[in-house]
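Participant: Got a structure here, written out as structure tokens. Questions coming.
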Amino acid sequence: MSRLLELLPHDVVAAAPHLLGWRLRRGGLEAQIVEVEAYRASDDPAAHSFGKTKMKNMAMFGPPGHAYVYFNYGCHWMLNLVAGQEGDACAILIRAAQPLSGLEVMRERRSNARRDEDLLSGPGKLAAAFGITNLDNGTNLLHPSPALGDLCLSPPLEPIPDIVEGPRVGIALGKAHDRAWRFIDAARLKWASKPWPKLGQGTNHRH
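Pasting the structure below:
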């Protein structure tokens, strides 16, 4: 069993870095995840599920391994992998990925991207390139149905040896903004979203 699958039902923060290197797939599209963030309902004011349950975040309370998709700032869909036991309402935000196949489709959907490094360098960009919407909310990403075009995750070909940790992006002061729950594949930093973390400024390397 992979470390992600082992940890996912129990500890979202411990599981999150092990999502790096996994492949996100849909039809002929494929990308390797290079950046994620962890959100934990029990003590994390930045989590959508902190102290509240709403229809729009119900999928976050579902079983681990399923998708939680939400609409951010009224313009971007964002994809999360649900973690913890059912009802825990924890999730890992997939922030960025390195495109591997289907780049022509991604470029068409992300026509304002000036270079391939910008195609998936943010959660909204990634969702747009993969055509992710609320219709994907609740999808079992680890055990998808055989229907063509289903969004799914597949294990990495090799472990990620070097991981950069730092504070999450866009978290308001007083909402656990300083927790180092952002994880980036150090070897693929150019594919990650900006601002890129800098060592010595609240970040660490994990080997």
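Sequential numbering from 1 applies to the sequence shown in the working numbering. Ideal Cβ positions, reconstructed from N, Cα and C, are used throughout, including at glycine.
#1: Put G166 into one of helix, strand or coil per three-state DSSP.
#2: Are the beta-carbon atoms belonging to A67 and D136 less than 7 Å from one another?
#3: Residues in its own chain within less than 6 Å of K190 by CB, not counting five upstream and five downstream?
#4: What residue ranges within the segment 50-103 form continuous beta strand (DSSP E) runs of no fewer than 3 residues, ordered along the chain?
#5: With distances taken Cα to Cα, identify the nearest neighbour of N57 among C75, V36, L79 and L142.
#6: Between the C-alpha atoms of K194 and E35, what's the straight-line distance to the nearest angstrom?
#7: Sorry if obvious, but does the Cβ on R109 come closer than 6 Å to a heavy atom of the ligand COA?
#8: Are V164 and C90 closer than 7 Å when you measure CB to CB?
#9: Bridge partners for A31 per DSSP, in chain order?
#10: Once the 5 residues before and after P123 are set aside, which same chain residues still bring their CB inside 8 Å of it?
#11: According to DSSP, what are the bridge partners of V36?
#12: With DSSP collapsed to three states, give me the class of L153.
#13: Suppose you measure from the CA of R109 to the CA of A128; what does that come to, to the nearest Å?
Facilitator: Checking against the coordinates, here is how it stands:
#1: Residue state, collapsed to three classes: strand.
#2: For the 7 Å CB-CB criterion, A67 and D136 form a contact.
#3: Non-local C-beta neighbours of K190 in its own chain, meaning closer than 6 Å and more than five positions away in sequence, comprise E117, ordered along the chain.
#4: The qualifying runs are 67-72, 76-83 and 90-101.
#5: Of the candidates C75, V36, L79 and L142, L79 places its Cα closest to the Cα of N57.
#6: Taking the straight line joining both Cα atoms gives about 11 Å.
#7: Here there are no bound small molecules, and the ligand COA is not part of this structure.
#8: A distance of 7 Å or more separates the beta carbons of V164 and C90.
#9: L24 and P99, per the DSSP bridge assignment.
#10: Cβ-Cβ distances below 8 Å link P123 to N72, H76, M78, L79, L93, I94, R95, A96 and S193 in the same chain, with the five nearest sequence neighbours on each side left out; the list follows chain order.
#11: The partner list for V36 (beta bridge, DSSP) reads I94 and F183.
#12: In the structure shown, L153 sits in a strand (DSSP, three-state: E or B).
#13: For the pair R109 and A128, the Cα-to-Cα distance works out to about 7 Å.
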